[in-house]
Structures are given as structure tokens and as C-alpha cells.
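Worksheet: the structure to be examined is printed underneath.
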Amino acid sequence: MNALIKAATVIDSKSPHNGNVVDIRIKDGIITEIASTLTPSKNEKTITFDDLKVSSGWFDTSVSIGEPGYEERETIKNGLKVAALSGFTGIAVNPNTNPIIDTSADVAFMMHKSAGNATELFPIGALSRNSESVDLAELYDMQQSGAVAFGDYQKPVSNPNLLKIALQYTQGFDGLVLSFPQENDIAGKGQVNEGVMSTRIGLKGKPAIAESLQVARDLHILEYTGGKLHIPTISTKASVHLIADAKAKGLDVTSSAAIHNLFFTDDVLEDFNTNYKVTPPLRNQDDVEALIQGIKTGVIDFVTSDHNPLDVERKHVEFDNATYGTISQEATFGALLTLVSEKKAVKLLTQGRARFTNKEQSIVEGANANLTLFSIKGSYTFSESDIKSKSKNAAFLGAKLKGKVYGIVNNNQIILND
Amino acid sequence: MAELSVNHLLGIKYITAADIDLIFKTADHFKEVINRPIKKVPSLRDITIANLFFENSTRTKLSFELAEKRLSADVINFSAAASSVKKGETLIDTVNNILSMKVDMVVMRHPNPGAGVFLSKHIKASIVNAGDGAHEHPTQALLDSYSIRERLGEVAGKNVVIVGDILHSRVALSNIYALKLQGANVKVCGPKTLIPKYIESLGVEVELDLRKALEWCDVANMLRVQNERMDISYFPSTREYTQQYGVNKEILESLDKEIVIMHPGPINRGVEITSDVADSGQAIILDQVQNGVAVRMAVIYLLASKIQ
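Listed in order, the protein sequences are those of chains A and B. Okay, so the first sequence: first residue is 107 according to my numbering, each after it adds one. Okay, so the second sequence: first residue is -6 according to my numbering, each after it adds one.
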């Protein structure tokens, strides 16, 4: 694939071209030239867009797909296309499939099935066998097949000793452990944030301390064991404070927030719309403000879509019976741009790559062309036509978003939105 | 003619004070009707109503059915135990199947909060919520306020305490909305474990001491402890609950005024109130049941008039 990207503003703090408007020549998937003006040559595709910005390819740290087992929700092939059109050149995919990805063979299937696409798929292997939080899965073996981290998607490590052992054991091969922040006994049968709204509408509430209690426990264990811990999708003010303290102590911990938890408060639940039924639950204004502060200060390292496609049968039902989750990938950039500057947005959408894959990416000559192309101009109302996923369970339907993703360049391919 | 501001009765929080007033005035008329030798009016001869009960109910179901029959509506009944719900059919499919038989109105009780709201967005029929999980039970709150109005003249300015399991109670929530809308002062009383942490956001006060609550109030609405909705024990024993939150003759007689005792039923005699209280002149529990029919007639009549 040969291409010439014309007049793009580089947003990449690690690149010497950061902030400059440049032309970028790509030959066979490698950046060969970067200069203020390059002349198009034959047999190369010229890429021009209004207000074109280019950054290193974005990385989504929590994506659910469905395949294998839940192909009716999403397939690997289309899931990777959705990611590409949403600006992501790499996605870490959760093991919440059927069967659960908890062996080397399962990871190998994911790697094989996703190979050759523009967006790369990085499997997260289950931390415990069948994600039952009893015994560790074969973590090293999964890593050898391509797993980049280990966690039981949205199932907390209920046994603290299992987390202790996991954090100790993974140090032998530099493994990243994911611990979902929820104390199940306190969360009880809560479905939404415990607060004014849950009281008004009679839905069972999950108290914010169900999350922060687990975060406090996990950080305490990490302090004892050492190791690499990632706390995915935090949603409360107290969690932000706890993680800030842990980072100040020098613990090797990162955290993420899901874009819908940053964008919506639980006020939207008034109508019992099941697209707002998510885990962790949408919290109150105070928590959301703390989360936004957290992404601005860097306490929260990554913003993820926590994309979770669910077929209509799982959502077009009474609130109690609906499955948790929303598709958010198509809206992630547009929503994030309403909260922070484009520089900050890019940082929050790219930093996950190094944490999960141990690989840095930058816009320099000689590097792989792993790029996201976008604009920060304009605003739009997110609608059905913006959904590329097989499932349509989008919390963002009707939300006012900013900017536009033009597409990606990666793996010697160009994928652009129409 | 005055009409309701809504096409469904999904909860008290969706209606206005004027709606409540209209329902009560209409209920006054129907109360007179049901005390006649011929307790029936031909108002709804062309209306078919389906009573869909996805959760057990005795008095609410009977009360609705009587109300419908006294308005001369055609009535069909459906209960979940003997239905295809157990075979995995979705709520929308179940209801649409029933509606395809030309039903105009649905009265639904359902274990899930918001089930009525959900249904109202997807089907073409007027819906009356007969209780949806811990969300609302609007006709119960209406008949409760109607009974207070009947006994005390008006609801505005009265002090009402709701005692017991507030956490799992749709009756409490609907009553709070209804009483506040009519200008009453409301407190809730019970063990802290059974009171939602954020209940004060609804404009009510929390009182953990039953005696203080009774000394303050004009009306005490005693709720049943809903053991079936509890995932863990919220208090150590029924005995201890009764020691702290049970109303007996002794405590009532020690007050310097006579308060009104209400209960939405079914009563656990000897738990939340003793038999001598339940059967005393202070209790208006059976008036509530009788008023329930008149109030439900009013609700159905007013909603049906919006269909026609």
C-alpha cells in the first residue's frame, strides 16, 4: 500500500513533527518521508481531508466482540471494521465469549481469526479458569500465544488471595493483571447507581463504595505483591482519589474510564432506557466531574469505549431483564472531544498501547504507518446511521458529539469512512 | 369536560395535582354508585380490558376486576403462573398477542420496575400500572389519599408517616409522590436498613423512632415487611422488628391524640400492627379496600374516555 497524506497536522507528542502541518509518504506500510510539501508520485493514493489531523493509531483497552459463541452480537471481522472506522488501530478484546478465552488454544483462535486486518486484535486472556475466580488460568501459556493481559471481564476477583497470587505469579513474565473494581456483596442485586435517581424510579442501587472498597483492597494487595495492575473502567470519585494516592506512592497501576461513564450521569435513567444499563453503572454529577478531572490530570490513564454489542433480544426487554452493556466505540472520539482538548483526547486514546502491548508508536520516518486520521471541526447528533456494529444497543443515540474520524492506516492498509 | 393529562397511569410521578383532584371527584360519584342496590353503570360497554398479573395479587386484582365490571367493561384475566411467560415468551410478545384480540386497556402488575413505562412505548393500548417492582403502585396511593381525605376532610397540611419496609415498597414511593403533590407533610419510619439512603431527596424526613413518628403524625400508614423481596436479612428477627416498629393498642393509647391507622394489606397481624389495632375504630383499613374500587373505577373511566 502506497499513499501520500496531504496537509495533515501531526498530533503526537513523541514526534519531532508534533504540531506541524506535513505531508506523509507511506510505502508498503512504512512511513518513508515526512515533509512540509511532498509531490504525489504515480501509483500512490493521495489522501486529503478538510481539517485533517493525524496521530499515532488509537488503542482501545476494553472491547467485547462476541465471537466465538455470540456471533449474533458481533463477529471478529465486523468488530475489527467497526474499530477501524472509529479510529482504532488496536483493540484489546475481552475474554467474555463462549467458551471463555482461558487457554492458549482459545487465544490462538482469536489471533488466527483476526490476522490480516487493518485493526489489530490483542486478546485479553481470562485471569481465572472459566472466569470463575477460583484457580488461575494458564496465563504464561496464553501470553505465549498472544494474550496481552489477564482479567475476567466485569467479574471481580472475589478472592483476595487469588489476586495476590496472580500479581506475584505474573511478575515472572511481565504480565498485566486486570481486576474489575466491584465488591459483589455490597453491590448485591443493584442494577444502577445508588442515588437520587435509583430512589425515584425504584431500581435497586449499587453503592459507589462497592467499587472503591474493591479498589482500596486491590491497591493494598498491589503494594504488598508488586506486579502490574490495571483497574478497568472506574466510575466513582473515591476510586479516582485512591488511585491518585497509589500512583503517588509509586505503585505500578493504571486505570481507565469508559466513555459513557464520562459522558452520562444516572439522570438519563428516568425513562428506563436499557441502553443506559451498563457496568459500572452511570454515576452522579459529582462522580462524573471527578472522572473528568481524573482524565485531565492523568490519574485515569486511558479512555475506553468498553464497547459491548448486545443483540436486540437482550435489550428490548424490561430493565431488570436486560443485559448490561452499550456499544460506544463509534462515539468514543466524538464524545471525548466534548470533554477535553484534541491533544488530551489523543493521549488518552493512544497510551493504552504501551501498557498492553509494550510497544510504542510514533509518527517518524522509518516507523510502521500506524495512524488515525480525524478532524476536530463541527458537531453532530449521533444517530443510527453512525452505528457500524452488528448490534444497535448504543447509549449515545441522540447525543451531541464533536469532530469526525476519517479512518486509519495500519498493517499496510487504509480504511476510510465514506 | 375535564380530562387527565396522561393517556396511561404509569405512576404518580407522571400525573399532576389536578389529575388527582379529577380522579377523586370522579371517584366520589362512583362511590355513590357502588352503594346503590344496582351497583353498575353502563359507561364502558364498548371497552375491553385485560388484567395482566405477572406477580401474585389477591386484593388488587379483585379490586380492579370489580371496578371494571361495575363500569360494564368486558374483562379478560391473565396470570403469569399459567402462561407462556414461563415458556420464555417476551413481555412485548405476550402483550401484543393479547392486544391482537382487540383489547383497549391493559392493567398490569409486574415484578420489574419500569415494566409499565417500557410497555407504554411499544404497544397501542392504555396502560394502568397495578404495581411494578419497587417502583410505583399508583392506584394504591390514590386510594390511600382518597381515604385520608374521606376521614380527615383533606390531605393538604396533614402529617403522614409511612412505617416499615420503605426500601422494597412501591406503595411507599407512590404514596410519597401523591402526598407531596397534595401538600401533605411526609415522614418515613423504620429500621435504617429498610430506608433508601437517598430518600430525603424526595422531600420527606426520616424518623427512626416509632414513638416520635406517631406523636408527630395525623396518619400512620403501616407497610408490610416484604420478606419475598429481600436478598439478605435487613433485621435480626421479626420479634425484634415488632419490638421497635410494631404498633399496638398500648402505644396508641399513650398518645395525646387519636391518629388514623392505615395498611395497604395484606396485614401480618402481630408484626406491623396487632389485631386490636387493625380492628379498632382508628383503623381505616377496610375503608381503603372499599375506596379502592371507586378510585379504580374513576381511573379506568377517565383513561377510557381518552380512548374514545
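Each residue gets a CB set at the ideal place from its N, CA and C atoms; glycine is no exception.
At the 7 Å Cβ level, is residue i part of the contact set with chain B, yes or no?
i	result
T305 (chain A)	yes
F378 (chain A)	yes
G504 (chain A)	no
G301 (chain A)	yes
G257 (chain A)	no
L309 (chain A)	yes
K120 (chain A)	no
In angstroms, rounded to a whole number, what distance separates the CA positions of residue i and residue j?
i	j	result
A20 (chain B)	S318 (chain A)	51 Å
A75 (chain B)	T51 (chain B)	Note that A75 (chain B) scores 49 on pLDDT, short of 50, meaning its location in the model is unreliable; the coordinates nonetheless yield the value given after this. When rounded, the distance between both Cα atoms is 16 Å.
V179 (chain B)	I192 (chain B)	11 Å
T331 (chain A)	K270 (chain A)	6 Å
I155 (chain B)	A352 (chain A)	45 Å
Q275 (chain B)	T385 (chain A)	48 Å
I277 (chain B)	S140 (chain B)	8 Å
S468 (chain A)	E424 (chain A)	47 Å
L135 (chain B)	N168 (chain B)	8 Å
G404 (chain A)	Q277 (chain A)	25 Å
P106 (chain B)	V302 (chain A)	15 Å
G458 (chain A)	L282 (chain A)	12 Å
V128 (chain A)	V511 (chain A)	19 Å
F286 (chain A)	D280 (chain A)	19 Å
L273 (chain A)	T9 (chain B)	57 Å
F71 (chain B)	G4 (chain B)	22 Å
N516 (chain A)	A473 (chain A)	11 Å
R204 (chain B)	H1 (chain B)	39 Å
A206 (chain B)	V199 (chain B)	9 Å
Y234 (chain B)	F370 (chain A)	40 Å
K24 (chain B)	T132 (chain B)	15 Å
A77 (chain A)	L158 (chain A)	For chain A, the structure presents residues 107 to 524; residue 77 (chain A) sits outside this window and is missing.
By the criterion of Cβ-Cβ separation under 7 Å, what are the contact partners of residue i in chain A?
i	result
A108 (chain B)	E424
S50 (chain B)	Chain A residues near S50 (chain B): none, gap ~17 Å exceeds 7 Å.
T83 (chain B)	V423
I192 (chain B)	T305
P189 (chain B)	T305
V172 (chain B)	The displayed chain sequence assigns Leu, not Val, to residue 172 (chain B). Under the 7 Å cutoff, chain A gives no residues; its nearest Cβ is about 15 Å from L172 (chain B).
Need the endpoints of the alpha helix (DSSP H) that residue i sits in, please.
i	result
I141 (chain B)	131 to 145
G400 (chain A)	391 to 403
K114 (chain B)	108 to 115
K133 (chain A)	Counting along the chain, K133 (chain A) falls outside any alpha helix (DSSP H), though it belongs to the beta strand (DSSP E) covering 127 to 133.
M94 (chain B)	That residue, M94 (chain B), is in no alpha helix (DSSP H); it is neither H nor E in DSSP.
V213 (chain A)	210 to 220
A20 (chain B)	10 to 27
I292 (chain A)	290 to 293
S56 (chain B)	52 to 63
Is the CB of residue i under 7 Å away from at least one CB in chain A?
i	result
A20 (chain B)	no
Y7 (chain B)	no
A(-5) (chain B)	no
Which residue comes first and which comes last in the beta strand (DSSP E) that contains residue i?
i	result
P146 (chain A)	No beta strand (DSSP E) holds P146 (chain A); DSSP gives it neither H nor E.
S497 (chain A)	Per DSSP, S497 (chain A) belongs to no beta strand (DSSP E) and is neither H nor E.
D125 (chain B)	119 to 125
E200 (chain B)	198 to 200
At a CB-CB cut-off below 9 Å, which residues of chain A make contact with residue i?
i	result
L2 (chain B)	Ordered by position in chain A, no residue passes the 9 Å Cβ test against L2 (chain B), which lies about 16 Å from the chain.
So which residues on chain A does residue i lean against when the C-beta distance must stay under 8 Å?
i	result
L195 (chain B)	T305, R306
Contacting positions in the stretch 419 to 430 of chain A - beta carbon closer than 9 Å to chain B = E419, H422, V423, E424, F425, D426, N427
Could you please tell me which residues of the stretch 124 to 139 of chain B, in chain order, have their CB closer than 9 Å to any CB of chain A?
-> D125, G126, A127, H128, E129
Listed from N- to C-terminal order along the chain, which residues in the stretch 89 to 119 of chain B have their beta-carbon within a distance smaller than 9 Å of any beta-carbon of chain A?
-> H103, P104, N105, P106, G107, A108, V110, F111, L112, K114, H115
At a Cβ cut of 7 Å, what residues of the stretch 198 to 220 of chain B count as close to chain A, listed as they run along the chain?
-> none
Note down, in chain order, all residues in the stretch 157 to 171 of chain B with a beta-carbon under 7 Å from any beta-carbon belonging to chain A.
-> R163, L166
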